[in-house]
Every structure is written in C-alpha cells, then in structure tokens.
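Structure, as structure tokens:
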Amino acid sequence: MCVLGKSFGFSSGSFSFTNLDLTNATNHTRTRCGAFNETLKMNRSHRKILAENLRHYLSGRITNFEFMDRIEPIYPTNDKGVKAVENSFWYCYDDLRKHKNTGKDKLTDEAENHIRRFILFLKSDNEYEWKDPKFSNPIKWILSLITFGIYPKKAEESESENIELGDERVWPFFRQTEFEKEINEPKYLNKKRHHNTV
C-alpha cells in the first residue's frame, strides 16, 4: 500500500520528523474515520462520497485539501469499508501542504492501481470482511509503545486469520472472485464510461 506524503518516516523502528511544512496545517487538522468496529455495516451514501472524491483526486481535478474537505461529512462513518479505505488512503497524500496528484506529487502507477481498486470496492455491493484495518508499520509501532507490546500480538493473530481466509492482493475485496466480478461488471465505471470521466 502507498505510504506517501506523510510527515513522518519509518526506518529501523524509529520516527524521523523531517521536511515538515506546516503551512495551512491548522485548517486541515481533523479527526479521521476513527476506530474499527466489527458491528458497522455498509453505508452507500458514505461510500459514494469517498469513491467520487478518490476518483477526482486521482485525476488531478481536486487538491488534497479539497479532498479532505469534501469527505468531512463521512466522519464518523458507520461503514467499516469506508473506514478502512480512508485510513489506507491517508498515507497517499500530504495533509500539511496543498497539492494535486500531479508532477512531483503524482502517485506511482502501482499506488494509483490500488486506489482504482478501492473505488471499485466502494461502488460494489460487497461488505468489508477483513477483521481489522490494514495498519501500516508506523501505526503498529506506536500502538506497540502505548500498549506495552500487547497490540501487535493481538493484531498479528487477527492478521494471520485474515491471511488464511482473505486474499491480500485484492484488498479491500476479500476474495479474488469478488474483485474479478467487479472488473468484468463495474457498476460505477460502466455507468460513467460514455462521459469520459474515469
């Protein structure tokens, strides 16, 4: 998953706060989608908001700050899939400096392909079946510190169960067959194809 544009680095188990640009940071400090709750169910409205704005950011149509402002209505969402996708996408842009997905700030082809899969998932009818969000290493490291190592052990148990049952290659889909179905019958992409907006 993309770990791009964030203000921290993670190397050899330590944080490196370098090259911070705090311009306009105050107005765009916000609470993200929050903690994961296995009882949460699909919210079609929230999925639509996130999917459309992911697409607009990916195309370079809106800035990162516009993206953040536009998805603010989904905080806090009641959809675990929205929570997981938004938490993962957070690592793909800099939330302290205004920019678009262009030039030096443009995501890699691999990262953009991940995000296109996020959009396909959000526009599908699939529930989010993973047991917990796909936290990246910096988050695990912080949680390890504040829980005296308890979190990683429990998270690794859940992650092991996820890996046994789900296919990480198609996350946030849970199964390859679900992803392939959306590739062949994409509700959102087919609907927009004739308008050249994807």
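Under the working numbering, the first residue of the sequence shown carries the number 40, and numbering increases by one thereafter. Heads up, the beta-carbon is just placed ideally off N, CA and C, and yes, glycines get one too.
Distance, residue 132 Cα to residue 148 Cα: To locate residue 148, count along the sequence shown from 1; it is residue 109. To locate residue 132, count along the sequence shown from 1; it is residue 93. Taking the straight line joining both Cα atoms gives about 15 Å.
Proximity to residue 130 [Cα-Cα], best of 162, 103, 222: Within the sequence shown, numbered from 1, the residue matching residue 130 stands at position 91. Between residue 130 and the set 162, 103, 222, the nearest pair of CA atoms involves 103.
Three-state class that DSSP yields for residue 107 in the structure shown: For the purposes of this step, residue 107 is identified with residue 68 of the sequence shown, where counting begins at 1. Three-state DSSP puts residue 107 in a helix.
Beta-carbon proximity of residue 110 to residue 89, cut-off 8 Å: Locating residue 110 in the sequence shown gives position 71, where the first residue counts as 1. Locating residue 89 in the sequence shown gives position 50, where the first residue counts as 1. For residue 110 and residue 89, yes; Cβs fall inside 8 Å.
Residue range of the alpha helix (DSSP H) that includes residue 121: Start at 1 with the first residue of the sequence shown, and residue 121 comes out as number 82. First-last of the alpha helix (DSSP H) with residue 121: 119 to 128.
Supposed close pair residue 94, residue 121 - CB separation, criterion 8 Å: In the sequence shown, residue 94 corresponds to position 55, counting from 1. In the sequence shown, residue 121 corresponds to position 82, counting from 1. Rounded to the nearest angstrom, the Cβ distance from residue 94 to residue 121 is 15 Å, too far for a contact under 8 Å.
Among 82, 98, 91, 92, the one whose alpha carbon lies nearest that of residue 144: Locating residue 144 in the sequence shown gives position 105, counting from the first residue. The candidate whose alpha carbon is nearest that of residue 144 is 98.
Residues near residue 92 by beta carbon distance below 6 Å, same chain, minus five either side: Position 53 of the sequence shown holds residue 92. Correct list, in chain order: 106, 109, 110.
Residue nearest to residue 96 in terms of C-alpha spacing, selected from 150, 112, 116: For this step, residue 96 is matched to residue 57 along the sequence shown. The shortest C-alpha separation from residue 96 is found at 150.
Where residue 95 sits in the DSSP three-state scheme: Taking the first residue of the sequence shown as 1, we reach residue 95 at position 56. Under the three-state reduction of DSSP output, residue 95 falls in the helix class.
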